[in-house]
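Participant:
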Amino acid sequence: PEVLNRISYFDNTGSRLNFADTAAAILPSLYSGSMCNGASSVLVSPLSGTNYQWQVDMGSGFVNVADDAVYSGAATNSLQLLNAPSFWYGYNYRCVVDGSNTAVSILKFSSTWRGTVDKTWENPGNWDCGKLPDANTDVIINAHAGIITVNSNGFCRSLTLNNGANLDVTPGFKLTVTH
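Yeah, the sequence shown ends on 1265 if you go by the working numbering, and it's all consecutive.
1) Going by the CB atoms, is the gap between leucine 1193 and serine 1164 shorter than 8 Å?
2) Taking DSSP as the reference, what is the three-state secondary structure of glycine 1176?
3) Give the DSSP bridge partners of tryptophan 1199, in chain order.
4) Report back the beta-carbon spacing between leucine 1133 and valine 1190 to the nearest angstrom; my notes put them in contact at under 8 Å.
5) I'd like the span of the beta strand (DSSP E) that includes tryptophan 1140, first residue to last.
6) Hey, serine 1197 and tryptophan 1213: beta-carbon distance below 8 Å or not?
7) So isoleucine 1227 packs on lysine 1205, CB below 8 Å; how close in whole Å?
8) Could you check which residue in Val1236, Thr1223, Asp1143 has the C-alpha nearest to that of methionine 1121?
9) Determine, using beta carbons only, whether asparagine 1178 and valine 1151 come nearer to each other than 8 Å.
10) From what residue to what residue does the beta strand (DSSP E) around phenylalanine 1241 run?
11) Taking Cβ to Cβ, would you say glycine 1211 is nearer than 8 Å to histidine 1230?
12) Taking the straight line between their C-alpha atoms, what separation do you get for alanine 1170 and histidine 1265?
13) Taking only the alpha-carbon atoms, compute the straight-line gap between alanine 1110 and valine 1225 and give it to the nearest angstrom.
14) When you compare each of Ser1127, Gly1159, Phe1173 to cysteine 1242 by their alpha carbons, which one comes out closest?
15) How long is the line joining the alpha carbons of serine 1244 and glycine 1135, rounded to whole angstroms?
16) Kindly indicate which three-state DSSP category phenylalanine 1148 falls into: helix, strand or coil?
17) Between the beta-carbon of aspartate 1254 and the beta-carbon of valine 1236, is there less than 8 Å?
18) Hey, how far is the Cα of asparagine 1252 from the Cα of glycine 1258?
Below, the structure is given as structure tokens:
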């Protein structure tokens, strides 16, 4: 199967949990995670019960989720987000279990520079998500990445440049950071 998700987070022991080899990662409902644009993930309720209803807040208050082309499991303990687009950044999810609300999970999208092909921003193979960041993607460029060249107009939501990482934007182009 195609790898759809590249989510990682740290558990309570400090161990990094990596889901790069699975089609869908499981995010604890108490976790505000980050995923790749267009990936699929599963939110799991930390509460057990008889009746489950997942809800989403897109900025106007929580409403019930229904199974459709982008959601599966709306009335179960696990909600699958199918091919989530990056414009869902900041959506809040919770599960109502027998009348009690779980903590809120906040959806975020990120991509980390790998630079495994070359040093150009525009090459999707250089990004852990396998596609270029967009205006709703938080970009992370780790230490000692060297000089990364931007040869086109690029976008990202936020940009984290760690020590030893540099961006060189070719004249005539720009990198727009939206937040």
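Just so you know, even glycine gets a beta-carbon here, dropped at the ideal spot from N, CA and C.
Facilitator: Checking against the coordinates, here is how it stands:
1) The residue given as residue 1164 occupies position 78 in the sequence shown. The residue given as residue 1193 occupies position 107 in the sequence shown. Taking 8 Å as the cut-off, the beta carbon of serine 1164 is found no closer than this to the beta carbon of leucine 1193.
2) Your numbering for residue 1176 matches position 90 in the sequence shown. The answer is coil: DSSP assigns glycine 1176 none of H, G, I, E or B.
3) As a working note, residue 1199 is residue 113 in the sequence shown. Under DSSP, tryptophan 1199 forms a beta bridge with Trp1213.
4) By one-based count along the sequence shown, residue 1133 stands at place 47. By one-based count along the sequence shown, residue 1190 stands at place 104. The pair is not a contact, with the Cβ atoms about 13 Å apart (cut-off 8 Å).
5) One-based indexing of the sequence shown puts residue 1140 at position 54. Start and end: 1138–1143.
6) One-based indexing of the sequence shown puts residue 1197 at position 111. One-based indexing of the sequence shown puts residue 1213 at position 127. Inclusion of serine 1197 and tryptophan 1213 in the CB contact set at 8 Å is warranted, their separation being smaller than that value.
7) As a working note, residue 1227 is residue 141 in the sequence shown. As a working note, residue 1205 is residue 119 in the sequence shown. About 11 Å separates the beta carbons of isoleucine 1227 and lysine 1205, which is beyond the 8 Å limit, so they are not a contact pair.
8) The residue given as residue 1121 occupies position 35 in the sequence shown. If we check each option's Cα against that of methionine 1121, Thr1223 comes out closest.
9) Residue mapping note: residue 1178 aligns to position 92 of the sequence shown, counting from 1. Residue mapping note: residue 1151 aligns to position 65 of the sequence shown, counting from 1. For asparagine 1178 and valine 1151, no; Cβs fall outside 8 Å.
10) Position 155 of the sequence shown, counted from the first residue, corresponds to residue 1241. Run containing phenylalanine 1241: 1240–1242, per the beta strand (DSSP E) assignment.
11) The residue given as residue 1211 occupies position 125 in the sequence shown. The residue given as residue 1230 occupies position 144 in the sequence shown. Cβ atoms of glycine 1211 and histidine 1230: not closer than 8 Å.
12) On the sequence shown, position 84 is the one that residue 1170 refers to. On the sequence shown, position 179 is the one that residue 1265 refers to. For alanine 1170 and histidine 1265, the distance between alpha carbons rounds to 21 Å.
13) To locate residue 1110, count along the sequence shown from 1; it is residue 24. To locate residue 1225, count along the sequence shown from 1; it is residue 139. No answer about alanine 1110 holds up, because its pLDDT of 37 lies below 50 and its placement is not dependable.
14) As a first step, residue 1242 must be located in the sequence shown, where it is residue number 156. Nearest Cα to cysteine 1242 within the set Ser1127, Gly1159, Phe1173: Phe1173.
15) For the purposes of this step, residue 1244 is identified with residue 158 of the sequence shown, where counting begins at 1. For the purposes of this step, residue 1135 is identified with residue 49 of the sequence shown, where counting begins at 1. In a straight line, the C-alpha of serine 1244 is about 39 Å away from that of glycine 1135.
16) Counting from one through the sequence shown, the residue named residue 1148 turns up at place 62. Residue state, collapsed to three classes: strand.
17) In the sequence shown, residue 1254 corresponds to position 168, counting from 1. In the sequence shown, residue 1236 corresponds to position 150, counting from 1. Result yes, Cβ atoms of aspartate 1254 and valine 1236 sit closer than 8 Å.
18) Looking up residue 1252 in the sequence shown gives position 166. Looking up residue 1258 in the sequence shown gives position 172. If you draw a straight line from the Cα of asparagine 1252 to the Cα of glycine 1258, it comes to about 18 Å.
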